[in-house]
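Single-structure report; data block below.
2 protein chains.
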Amino acid sequence: MYTFSEENYLKAIFHLERSYPSGVSTNALAEEMVTKASSVTDMIKKLSEKKLVNYKKYQGFKLSKLGMETAVSIIRKHRLWEVFLVDKLNFSWDEVHEVAEQLEHIKSEKLTGELDRFLGFPTRDPHGDPIPDAQGNFKVLNKVLLSDLKKGESGIFVGVKDSSTTFLQFLDKRNITLGSEIKIIDKELFDQSVLIQMNGEELRVSNLISGNIYIKII
Amino acid sequence: MYTFSEENYLKAIFHLERSYPSGVSTNALAEEMVTKASSVTDMIKKLSEKKLVNYKKYQGFKLSKLGMETAVSIIRKHRLWEVFLVDKLNFSWDEVHEVAEQLEHIKSEKLTGELDRFLGFPTRDPHGDPIPDAQGNFKVLNKVLLSDLKKGESGIFVGVKDSSTTFLQFLDKRNITLGSEIKIIDKELFDQSVLIQMNGEELRVSNLISGNIYIKII
DNA sequence: ATAAAATTTTAGATGAGTCTAAAACAGTTT
DNA sequence: AAACTGTTTTAGACTCATCTAAAATTTTAT
Chain A
1 MYTFSEENYL KAIFHLERSY PSGVSTNALA EEMVTKASSV TDMIKKLSEK
51 KLVNYKKYQG FKLSKLGMET AVSIIRKHRL WEVFLVDKLN FSWDEVHEVA
101 EQLEHIKSEK LTGELDRFLG FPTRDPHGDP IPDAQGNFKV LNKVLLSDLK
151 KGESGIFVGV KDSSTTFLQF LDKRNITLGS EIKIIDKELF DQSVLIQMNG
201 EELRVSNLIS GNIYIKII
Chain B
1001 MYTFSEENYL KAIFHLERSY PSGVSTNALA EEMVTKASSV TDMIKKLSEK
1051 KLVNYKKYQG FKLSKLGMET AVSIIRKHRL WEVFLVDKLN FSWDEVHEVA
1101 EQLEHIKSEK LTGELDRFLG FPTRDPHGDP IPDAQGNFKV LNKVLLSDLK
1151 KGESGIFVGV KDSSTTFLQF LDKRNITLGS EIKIIDKELF DQSVLIQMNG
1201 EELRVSNLIS GNIYIKII
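So the protein lines, in turn, are chains A and B. Read in order, the letters of the first sequence correspond to residues 1 to 218 in our numbering. Read in order, the letters of the second sequence correspond to residues 1001 to 1218 in our numbering.
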């Protein structure tokens, strides 16, 4: 089994590979992990020895097949626990991350499988992210950022890019909830802010907001 | 907050204090923790600096008020998770310990409180042990060992002393379940084995078994 | 193409938790 | 009260994950 630290690195590399499909750099991972490049190098060496990443000095790294499977299983656990916290324990979607970060490291195949069953085999976590099944398979929803929509286009709010407490609480305050239909009424060229229609109301959101909202076009 | 290791030591000291109310020795704790006396001394020094135990060199140690509160809160979490695993996730009582050992270290007041509510504020874990409430209060059930009962006496099976997988599975195999009424039909003087009546059936159990079964006299 | 800048790795140190081996101490026996 | 026995503590070492500072390498810019 792997240490908490190793698992956290694997998860971080997984997330960074979306942005850097050709390979992740030491500095990028150091920033993500809020640590120093030298610490990253040390850890990557260890992960490389354990066959979890493919690594050549100075050339960046990628998850190996084993590393990918391990990362996906941690993400599966993280997201299942998030569903548990929201659906069963009255947590709101902005409160779950920290606790799920702890729970994702619990080692028990039976626990994960039974939790999945208990929750009704959910396919999305409270932020709209897909939950891998026991085999590690999950469908990446075909989604775009709200900021990429043009005037007149519309879609369903299916996920957030930034899942920080502050952003999620902002969305709650504005009543922007997962599953709502959003239509671009107008787009301001100067600052890229958009006037949207949602649940019969109109509101204007800045580019910083629209750039963190995922939309499924209908 | 405390490390996993510190928390495990506190829990072990808590359990040992029942057997050694006047103070726990280094060797006793080393055996309980399956480690060496020197490691225990190191850790006790640390716990002592953090005001979790009262310690004087060569004189043994006891939990301080803070240490006791901390230990009780870990035990509360352990037992709540055990209930969750058995009641909601189809675990049997012999499968829960290992996973609860991991889950007990999750740090979130809200999680513990909501879990307690979700489970209906249980007062006993699957092995009959009392679950402390949020204030750390719990009632110690007035119970005796089955081996202490005399011929003709009877009571309810309310808990186990040994909660190892093998012992719990043995009880399952013999259909000896928590809550059953047990009566001593006969006691063999030579080996202290007892013939008991339970659920209308009679069976003979050795002293090793009867010495690990807690009975509440009715 | 070479110098400057940025990135990455190495070297050496630290703290947590553990170990073995040796020293210090406590309790008991003679 | 001195010696023996068993317990406890200390000393020094190891691994893990981290750090700072310096060296090595790659990338960028002139």
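We treat Cβ as the ideally placed atom computed from N, Cα and C, and that holds for glycine.
Proximal residues to residue i (C-beta, below 7 Å), its chain only, five neighbours per side dropped
i                         : result
lysine 1183 of chain B    : Ser1154, Ile1196 and Gln1197
isoleucine 185 of chain A : Leu195, Ile196, Gln197 and Glu202
Beta-carbon proximity check, residue i vs residue j, cutoff 9 Å
i                           : j                         : result
isoleucine 218 of chain A   : lysine 161 of chain A     : no
asparagine 1054 of chain B  : serine 1064 of chain B    : yes
leucine 1085 of chain B     : glycine 1128 of chain B   : no
aspartate 116 of chain A    : leucine 89 of chain A     : no
valine 194 of chain A       : asparagine 175 of chain A : no
glutamate 1006 of chain B   : lysine 1045 of chain B    : no
valine 1024 of chain B      : glycine 1060 of chain B   : yes
glutamate 1017 of chain B   : lysine 1062 of chain B    : yes
aspartate 1087 of chain B   : leucine 1119 of chain B   : yes
phenylalanine 91 of chain A : lysine 1173 of chain B    : no
Spatial distance of residue i from residue j (CA atoms)
i                         : j                          : result
glycine 1211 of chain B   : aspartate 1042 of chain B  : 35 Å
tyrosine 1058 of chain B  : leucine 1052 of chain B    : 18 Å
leucine 1168 of chain B   : lysine 216 of chain A      : 52 Å
proline 1021 of chain B   : histidine 15 of chain A    : 52 Å
leucine 1028 of chain B   : alanine 37 of chain A      : Looking at the sequence itself, residue 1028 of chain B is alanine, so the reference to leucine does not match. Their Cα atoms are separated by approximately 44 Å.
aspartate 1148 of chain B : lysine 1187 of chain B     : 11 Å
aspartate 1191 of chain B : valine 1205 of chain B     : 10 Å
glycine 1200 of chain B   : proline 1130 of chain B    : 28 Å
threonine 1035 of chain B : glutamate 1069 of chain B  : 25 Å
threonine 219 of chain A  : histidine 105 of chain A   : Within the shown structure, residues of chain A are numbered from 1 to 218, placing residue 219 of chain A beyond reach of any answer.
serine 1163 of chain B    : isoleucine 1209 of chain B : 12 Å
glycine 136 of chain A    : threonine 123 of chain A   : 12 Å
proline 132 of chain A    : methionine 1033 of chain B : 37 Å
threonine 1165 of chain B : glutamate 1098 of chain B  : 10 Å
alanine 1071 of chain B   : serine 19 of chain A       : 44 Å
glycine 1159 of chain B   : methionine 1 of chain A    : 34 Å
leucine 1189 of chain B   : asparagine 1142 of chain B : 26 Å
threonine 26 of chain A   : threonine 1026 of chain B  : 45 Å
Inter-residue CB distance, residue i and residue j (contact presumed, cutoff 8 Å)
i                         : j                        : result
leucine 139 of chain A    : isoleucine 74 of chain A : In the sequence as presented, leucine is not what sits at residue 139 of chain A; that position holds lysine. Not really, about 19 Å apart at Cβ, beyond 8 Å.
glutamine 1102 of chain B : lysine 107 of chain A    : 7 Å
alanine 1134 of chain B   : glycine 1113 of chain B  : 6 Å
Close Cβ partners of residue i (< 6 Å) along its chain, the five nearest in sequence each way excluded
i                          : result
glutamate 1082 of chain B  : Val1096, Ala1100, Asp1125 and Pro1126
tyrosine 9 of chain A      : Met43
valine 144 of chain A      : Ile215
leucine 171 of chain A     : none
leucine 146 of chain A     : Ser210, Ile213 and Ile215
isoleucine 1013 of chain B : Val1024 and Leu1063
Own chain, CB closer than 8 Å to residue i, minus 5 neighbours either side, in chain order
i                             : result
leucine 48 of chain A         : Reading the sequence as shown, one finds serine at residue 48 of chain A and not leucine. Only Asn54, Tyr55 and Phe61 meet the Cβ criterion.
serine 180 of chain A         : Ile156, Phe157, Met198 and Asn199
alanine 1030 of chain B       : Lys1036, Ala1037, Ser1039 and Val1040
phenylalanine 1121 of chain B : Asp1133
Practice prompt. Give, in chain order, every residue of the segment 116-129 of chain A whose Cβ lies closer than 9 Å to some Cβ of chain B.
Written response: Arg117 and Phe118
Discussion item. So if I threshold CB-CB distances at 9 Å, which residues from the segment 78-98 of chain A count as touching chain B?
Written reply: Near chain B, meaning a CB-to-CB distance below 9 Å, the residues of the segment 78-98 of chain A are Leu85, Lys88, Leu89, Asn90, Phe91, Glu95 and Glu98.
Item to complete: Quick one: which residues of the segment 1100-1111 of chain B get their C-beta closer than 9 Å to a C-beta of chain A? List them in chain order.
Response: Gln1102, Leu1103, His1105, Ile1106, Lys1107, Ser1108, Lys1110 and Leu1111
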